[in-house]
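Residue numbers (the UniProt record's numbering): 1 to 600. Below: one structure, written as structure tokens.
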């Protein structure tokens, strides 16, 4: 330089600009500038053509640094930084202010770029007056690409701010120019309207994976990361809440277009179908553990039911979610949305019916029929089991996908299976009913019912079993009547023959009390079995038997009270006799025994 560094107006310009941008004092500048390497760096920037950028910033230790580059690219950019740029030529003394460009980096550079793009670049490329000389196709293509880029930029800004942004294309927003009646009456040949509908559909296709990614992000993915603390999961759920609220605040735009909500719902249904298909692995449903298969199918049905119930609740009460926004009623028929989805739910229920039937039939406790007179019925049950096994093999060996709704293979096999199992259910209901008729007591019949409880709960088996179940119940009724007859007989004997009653070699009072307890047990044991029986078998005779039980059960108790009162009278008479003298004396010489009848 021809002048000293301190007197160089170009250096002074850089110094003043940097101090104003980053708000630091001249002392810090002088201290840093005095170093020879820094003077050389600024000299190269001003006088050579090889250096065209100068960075001035504060490092992590808050020391002022001059540099031509950020040395450690792995670290984030310094918060306090300014830059100076020039063309590839030396900076003149006369026009240095025009030749040097300076500025600072925003704390949010992506937002700054978004504003630059929106306020500078878009008006240049999308203003029709700037593209009058362009071919129409090129102008439309550039305009489309610019707006697509703006949408992507908005999404990236959202990611940087840890928000999930649902982009709404400008073309989709044009639907606001149509009211609901106009939408339903639009001519399918209206190209402009078709473009709007296509834009909305494409918008929804983009929304689905974005929202899906948010919903599938779990706490496990966060907790497995290093340097976690007890507040990690709490922070995760707070962020999840904010994300979902932010998504909802954006998706409110879409609810003003109810005719297109069908597209969104169908995509959700399809996602649930794919998830269910992967979760169940339908090709192995009939060969894996039946308990596991039943549990997984029930879980899938429950999840789908929650979705359908949520839809019904949302449809019914949607108008109350946001009173500030005009909401159109959802007038489209549900079958347009859920026709295939409901078929899938029904298909799962059919598969569950098959596997549940297999679980029941393969676990029939045939070995419990070990008596000689039950041998024939045991063979019948074994034969029924064998027939069911042959029917179930159709599904065990099938090579088709039972969840494929476009295939007729499974429905045909299921109908055939259903008809055959109906016949087997009827046979097994009759067989178990006949076994119960062979029982010597109602308690034994009740045990048979409890043993085969699972199989006789099947509708057709239960219907046939009930036809034969009334006889054991009538036997209980007869037992109750026998107890009443015994009671009446004993009461009559006590009334007329009193001390002649002996029961189990016990004294009179003790024997009668023991008899009363035994009669109550005769009532209680069958009644306990009858209650268990009634829980599984509906029979019109049950109520009449229960009524008889309540009427008879109190009689032994009343009789016991009568005996207790009679016993008290006897004890009182004994007390009075104890007051009598057993030995009497005459003139204190002779002693006589008192043989008066009241003493005995």
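For glycine and all other residues, C-beta sits at the position ideal for the given N, C-alpha and C. The model shown is predicted, which means the values in this text are computed figures rather than measured ones.
Check                                                                                                                : Outcome
Reduced DSSP category for residue 103 - H, G, I as helix; E, B as strand; rest coil                                  : strand
Given 8 Å, three or more beta-carbon pairs between the region 117-124 and the region 32-49                           : no
Residue 396 versus residue 367 - alpha carbon distance                                                               : 26 Å
Reduced DSSP category for residue 82 - H, G, I as helix; E, B as strand; rest coil                                   : strand
With 16 other Cβ atoms within 10 Å as the buried cut-off, status of residue 417                                      : buried
Cβ shell of residue 223 (< 8 Å), same chain only, five flanking positions each side left out                         : 232, 233
Among 291, 168, 267, 381, nearest to residue 435 - alpha-carbon criterion                                            : 381
Rounded distance between the beta-carbons of residue 297 and residue 354, thought under 8 Å                          : About 10 Å separates the two Cβ atoms, so there is no contact after all.
Cutoff 8 Å; reference residue 294; Cβ partners in own chain excluding five residues on either side                   : 352, 355, 356, 359
Alpha-carbon to alpha-carbon, residue 134 and residue 192                                                            : 23 Å
For residue 55, the nearest candidate out of 462, 82, 311, 517 (CA to CA)                                            : 82
Continuous alpha helix (DSSP H) stretch holding residue 66: start and end                                            : Residue 66 -> not in any alpha helix (DSSP H); beta strand (DSSP E) instead, spanning 64-67.
Proximal residues to residue 143 (C-beta, below 6 Å), its chain only, five neighbours per side dropped               : 126
Check whether residue 160 and residue 199 have beta carbons under 7 Å apart                                          : no
Candidates 399, 150, 228, 246, of which the one nearest residue 283 by Cα                                            : 399
Spatial neighbours of residue 2 in its chain, beta-carbon cut-off 8 Å, leaving aside the 5 residues before and after : Because the pLDDT of residue 2 is 43, which lies under 50, any placement of that residue in the model is unreliable, and the question is left without a value.
Bounding residues of the beta strand (DSSP E) (the contiguous stretch that carries residue 54)                       : 53-58
Alpha-carbon spacing of residue 115 relative to residue 238, whole angstroms                                         : 30 Å
Helix, strand or coil at residue 438 according to DSSP, with G and I counted as helix                                : coil
Reduced DSSP category for residue 418 - H, G, I as helix; E, B as strand; rest coil                                  : helix
Through-space distance from residue 91 to residue 77, alpha-carbon basis                                             : 27 Å
Beta-carbon gap between residue 310 and residue 348 smaller than 7 Å                                                 : no
Cβ-Cβ separation, residue 288 to residue 247 (assumed contact under 8 Å), whole Å                                    : At roughly 37 Å, the Cβ-Cβ gap does not stay under 8 Å, so residue 247 and residue 288 are not in contact.
Own chain, CB closer than 6 Å to residue 88, minus 5 neighbours either side, in chain order                          : 49, 52
Test item: CB-CB of residue 602 and residue 28 under 7 Å                                                             : Since the first and last residues shown for the chain are 1 and 600, residue 602 lies out of range.
Close beta carbons around residue 263, own chain, < 6 Å, minus the five adjacent residues each side                  : 201, 204
8 Å contact criterion, which residue 385 and residue 364 should meet: CB distance rounded                            : 6 Å
Buried/exposed call for residue 424, threshold 16 Cβ in 10 Å                                                         : buried
Cβ-Cβ separation, residue 167 to residue 155 (assumed contact under 8 Å), whole Å                                    : 6 Å
Rounded straight-line distance, which links the Cα of residue 518 to that of residue 446                             : 21 Å
Cβ-based neighbour list, residue 46, same chain, cut-off 6 Å, excluding 5 preceding and 5 following                  : 10, 91
Counted within 10 angstroms of its Cβ, other Cβ atoms place residue 218 as buried (16 or more) or exposed            : exposed
Environment of residue 464 [buried if 16+ CB atoms lie within 10 Å]                                                  : buried
Three-state class that DSSP yields for residue 506 in the structure shown                                            : strand
Length of the line joining the Cα atoms of residue 240 and residue 275                                               : 22 Å
Sequence-distant residues of its chain with Cβ nearer than 8 Å to residue 412 (five each side left out)              : none
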